[in-house]
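S.K.: Below you will find the structure I want to go over with you.
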Amino acid sequence: MTQRRPRPRTLDELLAEGASVPTEGWDFSWFEGRATEARPSWGYATTVAGRLGSVDGPVLDVQTGGGEVLAFALSRASGRPPLVVATEGWPPNVSKAAALLRTRGATVVASAEDAPLPFTDGSFALVTSRHPVRPHWREIARVLRPGGTYLAQHVGPDSAYEVVEHFLGPQPAERRHARHPDRERKDAEAAGLEIVELRAERLRMEFFDIAAVVHFLRKVIWMVPGFTVEAYRPRLRELHERIEAEGSFVAHSSRHLVQARRPGGPRG
-4 MTQRRPRPRT LDELLAEGAS VPTEGWDFSW FEGRATEARP SWGYATTVAG RLGSVDGPVL
56 DVQTGGGEVL AFALSRASGR PPLVVATEGW PPNVSKAAAL LRTRGATVVA SAEDAPLPFT
116 DGSFALVTSR HPVRPHWREI ARVLRPGGTY LAQHVGPDSA YEVVEHFLGP QPAERRHARH
176 PDRERKDAEA AGLEIVELRA ERLRMEFFDI AAVVHFLRKV IWMVPGFTVE AYRPRLRELH
236 ERIEAEGSFV AHSSRHLVQA RRPGGPRG
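Under our numbering, residues -4 to 263 are what the sequence shown spells out, in order.
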């Protein structure tokens, strides 16, 4: 992204803009010039595209959001799996993903993020997911066929906690480390999966105006649960003044790449 700041505007104008931008899907293009986030070195969407070109069975993308990442991967894949299905639980995203992925030959199934996956045992050769709210390891293991793979990018511990703690104050270690890759390794193995690869990186984020912070918190709703401009206006004003004085607000995201395999079947 180009790191340029928009023309100065009043706090009220910026808050109103951040509160009005649609939040459906996982398209982050609105942040262009207003916020940046470094990307992990492994290139998740490109990695998925490579796997889609070689997988020899049905594919499931869990919590697909607006379908943007899966659509990109399908457009770059050298081959086409025999069946591609995606799940999504938020109704506005279900509609958006269905319209987008239909053009790529994929089907979207409405399924709440905390519900059992609506598929029979051993249905998929590959299950993918980008930033699931919580990985349901036993369900993932159940719907994978023997020898099948789970390939995902997860949000890691302490991700963007500079933002979270500005609004909520210091957070307990239990919440900060709930997404630790070591814990996820144990949970995956307890569900019967073998971890093939687990890579973690911490990445720089930078917000150049308060509208970007507002939009981010409205889009990533688990960061500050129940966030509204009205409820947090004093903290927003304080952060706006800090950005105006310092030029930006720096935070750090945490990501890890997970590849896990259901034992049995051919290796590939």
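Glycine included, every Cβ here is placed at the ideal spot set by N, Cα and C. From a predicted model like this one, the values you see are computed outputs, not experimental measurements.
Can you list, in chain order, the residues of its chain whose CB lies under 7 Å from that of Leu96, leaving out five sequence neighbours each side?
M.R.: The residue given as residue 96 occupies position 101 in the sequence shown. The answer, listed in chain order, is Gly62, Leu65, Ala66, Ala81, Val103.
S.K.: Residues in its own chain within less than 6 Å of Leu69 by CB, not counting five upstream and five downstream?
M.R.: By one-based count along the sequence shown, residue 69 stands at place 74. So the list reads Arg99, once near-sequence residues are dropped.
S.K.: Using C-beta distances below 8 Å, list every residue in its chain close to Pro141, excluding the 5 sequence neighbours before and after it, in chain order.
M.R.: The residue labelled residue 141 in the question sits at position 146 within the sequence shown. Result list for Pro141: Gly117, Arg257, Pro258, Gly259, Gly260, in chain order.
S.K.: Strictly by DSSP, which residues pair up with Tyr227?
M.R.: In the sequence shown, counting from the first residue as 1, residue 227 sits at position 232. In DSSP, Tyr227 forms no bridge with anything.
S.K.: Note the first and the last residue of the continuous beta strand (DSSP E) segment covering Ile190.
M.R.: Here residue 190 refers to the residue found at position 195 when the sequence shown is read from its first residue. Unbroken beta strand (DSSP E) run through Ile190: 189 to 202.
S.K.: Output yes or no for whether 7 Å exceeds the beta carbon distance between Leu230 and Ala186.
M.R.: For the purposes of this step, residue 230 is taken as residue 235 along the sequence shown, with counting starting at 1. For the purposes of this step, residue 186 is taken as residue 191 along the sequence shown, with counting starting at 1. In the sequence as presented, Leu is not what sits at residue 230; that position holds Arg. Cβ atoms of Arg230 and Ala186: not closer than 7 Å.
S.K.: Pro220: buried (16+ other C-beta within 10 angstroms of its C-beta) or exposed?
M.R.: In the sequence shown, counting from the first residue as 1, residue 220 sits at position 225. Counting other Cβ atoms within 10 Å of its Cβ, Pro220 stays below 16 and is therefore classed as exposed.
S.K.: Taking Phe162 and Phe202 to be in contact with their CB atoms under 8 Å, please state how far apart those CB atoms are, rounded to whole angstroms.
M.R.: Taking the sequence shown and counting its residues from 1, the one referred to as residue 162 is at position 167. Taking the sequence shown and counting its residues from 1, the one referred to as residue 202 is at position 207. Between Phe202 and Phe162 the Cβ distance is about 13 Å, and since that is not below 8 Å, they are no contact.
S.K.: Regarding Ala40 and the ligand NAD, is the C-beta to nearest heavy atom distance less than 6 Å?
M.R.: For the ligand NAD, the structure offers nothing, since it holds no ligand at all.
S.K.: By DSSP, does Ser243 sit in helix, in strand, or in coil?
M.R.: Position 248 of the sequence shown, counted from the start, is the residue given in the question as residue 243. If DSSP states are grouped into helix, strand and coil, Ser243 belongs with coil.
S.K.: For the candidate residues Pro86, Leu55, Ala94, whose alpha-carbon lies nearest to that of Pro77?
M.R.: By one-based count along the sequence shown, residue 77 stands at place 82. The shortest C-alpha separation from Pro77 is found at Leu55.
S.K.: Is Met(-4) helix, strand or coil when you go by DSSP?
M.R.: For the purposes of this step, residue -4 is taken as residue 1 along the sequence shown, with counting starting at 1. Bear in mind that a pLDDT of 42 at Met(-4), under 50, signals an unreliable position, so the number given afterwards is only what the model happens to contain. Reduced to three states, the DSSP call for Met(-4) is coil.
S.K.: Quick one, are the C-beta atoms of Ala255 and Ala183 less than 7 Å apart?
M.R.: Counting from one through the sequence shown, the residue named residue 255 turns up at place 260. Counting from one through the sequence shown, the residue named residue 183 turns up at place 188. The answer is yes: Cβ separation under 7 Å.
S.K.: Looking only at C-alpha atoms, which of Thr223, Ser124, Ser248 sits nearest to Leu10?
M.R.: Position 15 of the sequence shown, counting from 1, holds the residue named residue 10. Selected option, being the one with the closest Cα: Thr223.
S.K.: Can you tell me whether Ser24 is buried or exposed, with buried defined as 16 or more other CB within 10 angstroms of its CB?
M.R.: Taking the first residue of the sequence shown as 1, we reach residue 24 at position 29. In the assembly as shown, Ser24 is an exposed residue. Its beta-carbon has fewer than 16 other beta-carbons within 10 Å.
S.K.: In or out: Trp85 buried (at least 16 other Cβ within 10 Å) or exposed?
M.R.: Your numbering for residue 85 matches position 90 in the sequence shown. So Trp85 counts as buried.
S.K.: So Leu146 and Thr123 are supposed to be a Cβ contact under 8 Å. How far apart are they, rounded?
M.R.: Here residue 146 refers to the residue found at position 151 of the sequence shown. Here residue 123 refers to the residue found at position 128 of the sequence shown. That belief holds up - the Cβ atoms of Leu146 and Thr123 are roughly 5 Å apart, short of 8 Å.
S.K.: Going along the chain, which residues of its own chain have a beta-carbon closer than 7 Å to the beta-carbon of Ile190, five neighbours each way excluded?
M.R.: As a first step, residue 190 must be located in the sequence shown, where it is residue number 195. The answer, listed in chain order, is Arg180, Ala183, Glu184, Ala255.
S.K.: I need the straight-line Cα distance from Glu32 to Ile205, nearest angstrom please.
M.R.: Looking up residue 32 in the sequence shown gives position 37. Looking up residue 205 in the sequence shown gives position 210. In this structure, the straight-line span from the alpha carbon of Glu32 to that of Ile205 is close to 16 Å.
S.K.: Using the DSSP secondary-structure output, state which residues sit across from Ala30 in a beta bridge.
M.R.: Here the question's residue 30 lines up with position 35 in the sequence shown. Beta-bridge pairing links Ala30 to Phe202.
S.K.: Tell me the DSSP bridge mates of Tyr145?
M.R.: In the sequence shown, the residue the question calls residue 145 occupies position 150. Answer is Val122, Ala255, bridged to Tyr145.
S.K.: Going by DSSP, what residues sit across from Arg250 in a beta bridge?
M.R.: The residue labelled residue 250 in the question sits at position 255 within the sequence shown. Answer is Val150, Glu196.
S.K.: Per DSSP, what are the beta-bridge partners of Val209 in this structure?
M.R.: Translated into the one-based positions of the sequence shown, residue 209 becomes position 214. The partner list for Val209 (beta bridge, DSSP) is empty, contrary to what the question assumes.
S.K.: Measuring alpha carbon to alpha carbon, tell me which of Glu225, Tyr227, Lys214 ends up nearest Asn88.
M.R.: Taking the first residue of the sequence shown as position 1, residue 88 is located at position 93. For Asn88, the nearest C-alpha among the options comes from Lys214.
S.K.: For the alpha helix (DSSP H) that Val64 lies in, which residues bound it at each end?
M.R.: Taking the sequence shown and counting its residues from 1, one reaches residue 64 at position 69. According to the DSSP assignment, Val64 belongs to the alpha helix (DSSP H) that extends over 63 to 71.
S.K.: What is the DSSP secondary structure of Asp51, counted as helix, strand or coil?
M.R.: Position 56 of the sequence shown holds residue 51. Per DSSP, reduced to three states, the secondary structure at Asp51 is coil, with no helix or strand assignment.
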